[in-house]
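Before any comments, here is the structure.
So this is what it looks like as structure tokens:
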């Protein structure tokens with residue numbers, strides 16, 4: 001493990017059934033403060049990679065190292081305590097609770113004053129600040145994604161995993177959510193962005209990985225991948241979203 005990496009995934013095989021690998025030898029790394037995106041067609045293993053990193057799936061083989069510690073096989077609550085947060089694609093807020101209550105739920109494992117944390121999140125997401133007593137279930141899709149990110153950031157993580165944050169959003173809401181992702185990254189939080197909207201993701205990523213059939217087929221700086229004909233070959237429609 002190089003000291004330059006916050007997260008390093010080495011030759012990881014993983015899947016939902018024993019001896020059936022969806023990830024087939026993935027190699028992947030993230031530096032502190034970096035925004036790294038993972039793109040690829042449906043079934044390539046993008047969400048499986050996020051779930052494996054976060055401890056929702058256990059690697060069959062290979063190693064996952066975070067902050068110099070091997071975390072493969074740890075449970076997700078143990079990984080949270082080490083400074084990683086995860087925003088899943090679906091069911092990522094509590095609809096019957098208010099915006100403010102959702103943020104408080106995000107910090108349930110922390111024994112610290114919540115007001116300074118909430119103030120920091122509301123500064124980062126001003127659209128939520130004026131509506132802090134509103135039920136989360138009444139928010140738009142884009143606003144729910146912002147709340148989900150804010151809830152995850154209540155843990156003040158070193159690394160934030162985002163799984164398909166633009167899913168089912170209109171183009172206007174996608175733009176708003178991606179702008180907020182950049183705001184979060186500028187605070188120094190490293191981000192792994194698993195995303196179908198390849199063009200938008202690569203435009204703002206420091207680096208990107210293209211997955212194909214459970215393998216990291218191509219990797220490199222985001223803008224280089226955006227203009228790489230091999231990306232379009234492996235991921236049809238990569239530049240058309």
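Numbering (full-length UniProt numbering), first residue to last: 1 to 241.
The beta-carbon is built from N, C-alpha and C at its ideal position, and this holds for glycine as well.
Query	Result
Mind checking whether residue 245 and residue 25 have CB atoms under 9 Å apart?	Since the first residue of the chain shown is 1 and the last is 241, residue 245 is not available in this structure.
Between residue 195 and residue 39, how many whole angstroms is the CB-CB distance? I'm expecting something under 8 Å.	6 Å
With a threshold of 7 Å on Cβ separation, who are the neighbours of residue 177 within its own chain once the five nearest residues in sequence on each side are excluded?	142, 145, 146, 165, 166 and 169
Near residue 85, what residues of its chain come up, given a Cβ to Cβ distance below 6 Å and the 5 sequence neighbours on each side ignored?	152, 155, 157 and 160
What does a CB cutoff of less than 7 Å around residue 227 pick up in its chain, not counting 5 residues either side in sequence?	none
Thinking C-alpha only, which one of 3, 17, 21 and 4 is nearest residue 11?	21
Cα separation between residue 90 and residue 163?	9 Å
In whole angstroms, what separates the C-alpha of residue 239 from that of residue 232?	Because residue 239 carries a pLDDT of 39, less than 50, the predicted location of this residue cannot be relied on, and no value is offered for it.
Label residue 77 either buried or exposed according to how many other C-beta atoms from any shown protein chain fall within 10 Å of its C-beta, with 16 as the threshold for buried.	exposed
Please state the DSSP three-state secondary structure of residue 108.	coil
Would you tell me roughly how many angstroms separate the C-alpha atoms of residue 47 and residue 126, rounded to the nearest one?	29 Å
Contact check, residue 27 vs residue 216 under 8 Å by CB: the rounded distance?	6 Å
Between which residues of its own chain and residue 5 is the CB-CB distance below 8 Å, once the five residues before and five after are set aside?	29, 30, 31 and 65
Just the Cα atoms here: how many angstroms apart are residue 73 and residue 79?	10 Å
Residues in its own chain within less than 7 Å of residue 13 by CB, not counting five upstream and five downstream?	21, 23, 24, 25, 59, 60, 61 and 62
Quick one: Cα of residue 100 to Cα of residue 202, how far?	32 Å
When burial is assigned at 16 or more other CB atoms within 10 Å of the CB, is residue 54 buried or exposed?	buried
Give the list of continuous alpha helix (DSSP H) stretches no shorter than 4 residues that lie fully inside the segment 152-225.	171-186 and 198-204
Below 9 Å between beta carbons: does that hold for residue 92 and residue 44?	no
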